[in-house]
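**Student:** Everything in the sequence shown is counted per numbering that gives the first Met the number 0, starting at 0 for the first residue and increasing by one.
For every residue, glycine included, the Cβ atom is placed at its ideal position computed from N, Cα and C.
I'd like to ask you about the structure that follows.
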Amino acid sequence: MIKRVIFDIDNTLIPWESEYDKEIEKTLDELNIQYTEQEYKEIRKAFSEYEKVNYRFDKKLMLNYINNHMKKQYPIEFMDKVLERWGNCVPEKIEDSVKDTLVYLKNKYEMVILTDWFAKEQINRLKILDINKYFSQVYSAEKTNRKPFKEAFLTAIADNKPEECIMIGDSLERDINGAINAGLRAVYYNPNEIPNYEGKNSYRIINKLEQLKEIL
Numbered sequence: 000m001i002k003r004v005i006f007d008i009d010n011t012l013i014p015w016e017s018e019y020d021k022e023i024e025k026t027l028d029e030l031n032i033q034y035t036e037q038e039y040k041e042i043r044k045a046f047s048e049y050e051k052v053n054y055r056f057d058k059k060l061m062l063n064y065i066n067n068h069m070k071k072q073y074p075i076e077f078m079d080k081v082l083e084r085w086g087n088c089v090p091e092k093i094e095d096s097v098k099d100t101l102v103y104l105k106n107k108y109e110m111v112i113l114t115d116w117f118a119k120e121q122i123n124r125l126k127i128l129d130i131n132k133y134f135s136q137v138y139s140a141e142k143t144n145r146k147p148f149k150e151a152f153l154t155a156i157a158d159n160k161p162e163e164c165i166m167i168g169d170s171l172e173r174d175i176n177g178a179i180n181a182g183l184r185a186v187y188y189n190p191n192e193i194p195n196y197e198g199k200n201s202y203r204i205i206n207k208l209e210q211l212k213e214i215l
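Written out as structure tokens, the structure is:
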């Protein structure tokens with residue numbers, strides 16, 4: 000019996016648009032930090048690389064990584080402001096059907112968030128869209144190894160057994176395979192209906208979040 004439902008955020012609950020990367024540029028301009036177009040591209044690259052090579056996220060270590068990559072010394076204020084800006088990056092609204100689904104699930108299960116990003120900024124995004132109230136806890140990569148590492152999922156299940164929990168996310172590698180390897184059940188959110196066959200018998204597939212009502 001399922002007791003806890005674990006949601007990913009980015010591109011599952013909240014779309015992440017490529018235009019949000021422009022917040023880096025806006026922050027550089029706000030702080031009057033000079034940069035070339037190539038340097039801007041390299042900063043974006045450094046952010047992306049940090050996410051790929053680190054198991055846990057730390058704001059100061061992320062800044063150090065960027066500074067080493069760029070051979071510069073950006074101030075901590077740069078990191079603070081970029082994260083703050085990203086913490087406000089949400090669409091104007093989310094579909095009513097998504098909120099209706101969250102209400103339905105909240106009445107049946109305990110719901111939590113498992114994110115590979117910083118908790119403060121992700122909580123703020125949930126608050127802006129008024130969906131934070133559906134989740135009792137936000138687990139982030141600041142406190143535990145990020146997905147797909149087993150530790151992330153075993154942290155998010157808390158006192159429940161793995162088989163009593165189900166992970167819902169848009170990444171096969173991080174969300175779905177990671178959850179299954181940790182003993183959880185999983186639902187692959189595939190809104191773009193990307194063809195997939197590997198391991199499809201071990202998890203459910205949906206292309207709209209409201210389909211969760213048919214599963215849970």
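1. Thinking Arg145 and Tyr54 are a contact (beta carbons under 8 Å), I'd like their distance in whole angstroms, please.
2. Could you tell me whether the segment 38 to 49 touches the segment 63 to 78, where touching means 3 or more Cβ pairs closer than 8 Å?
3. Nearest CA to the CA of Ala140: which residue from Met61, Asp20 and Tyr188?
4. Report buried or exposed for Gln33, applying the criterion of at least 16 other Cβ atoms within 10 angstroms of its Cβ.
5. Thinking just about the alpha-carbon of each residue, which of Lys160, Tyr187 and Asn159 is nearest to the one in Leu171?
6. Verify whether the separation of the beta carbon atoms of Ala151 and Ile165 is less than 9 Å.
7. In the DSSP assignment, what are the bridge partners of Val4?
8. Where does Tyr138 sit, in a helix, a strand or coil, going by DSSP?
9. Can you find the residues in the same chain that come closer than 8 Å, C-beta to C-beta, to Glu162, ignoring five residues on each side of it along the sequence?
10. Using beta-carbon positions only, say whether Glu24 and Cys88 come within less than 9 Å of one another.
11. Quick one: is Glu22 buried, meaning 16 or more other Cβ sit within 10 Å of its Cβ, or exposed?
12. Determine, using beta-carbon pairs with one atom in the segment 6 to 15 and one in the segment 108 to 116, whether at least three such pairs fall under 8 Å.
13. What's the call for Ile175, buried or exposed, on a 16-neighbour Cβ count within 10 Å?
14. Can you find a C-beta in chain D that's less than 9 Å from the C-beta of Ile32?
15. Report, in whole angstroms, the separation of the C-beta atoms of Tyr49 and Lys212, which I expect to be a contact under 8 Å.
16. By how many angstroms is the C-alpha of Gln72 removed from the C-alpha of Glu209?
17. DSSP puts Val186 in a beta bridge; with which residues?
18. Roughly how many angstroms lie between the CA atoms of Lys58 and Gln121, to the nearest whole one?
19. Tell me the rounded alpha-carbon separation between Val137 and Val81.
20. Could you give the DSSP three-state label for Ile13: helix, strand or coil?
21. Note down, in chain order, each residue of its chain lying with its Cβ closer than 8 Å to the Cβ of Glu109, except the 5 sequence neighbours on either side.
22. Under a three-way DSSP split, which group does Arg145 fall into?
**Tutor:** So, from the listed chains and residues:
1. With a Cβ gap of about 6 Å, Arg145 and Tyr54 count as contacting.
2. yes
3. Met61
4. exposed
5. Tyr187
6. It is not a contact, given that the beta carbons lie outside the stated cut-off.
7. Met110 and Ile165
8. Assigned with DSSP and collapsed to three states, Tyr138 falls in strand.
9. Gly182, Leu183 and Arg184
10. no
11. buried
12. yes
13. buried
14. In the structure shown, chain D does not exist; there is a single protein chain.
15. At roughly 38 Å, the Cβ-Cβ gap does not stay under 8 Å, so Tyr49 and Lys212 are not in contact.
16. 47 Å
17. Ile167 and Arg203
18. 14 Å
19. 21 Å
20. strand
21. Lys2, Arg3, Val4 and Ser135
22. coil
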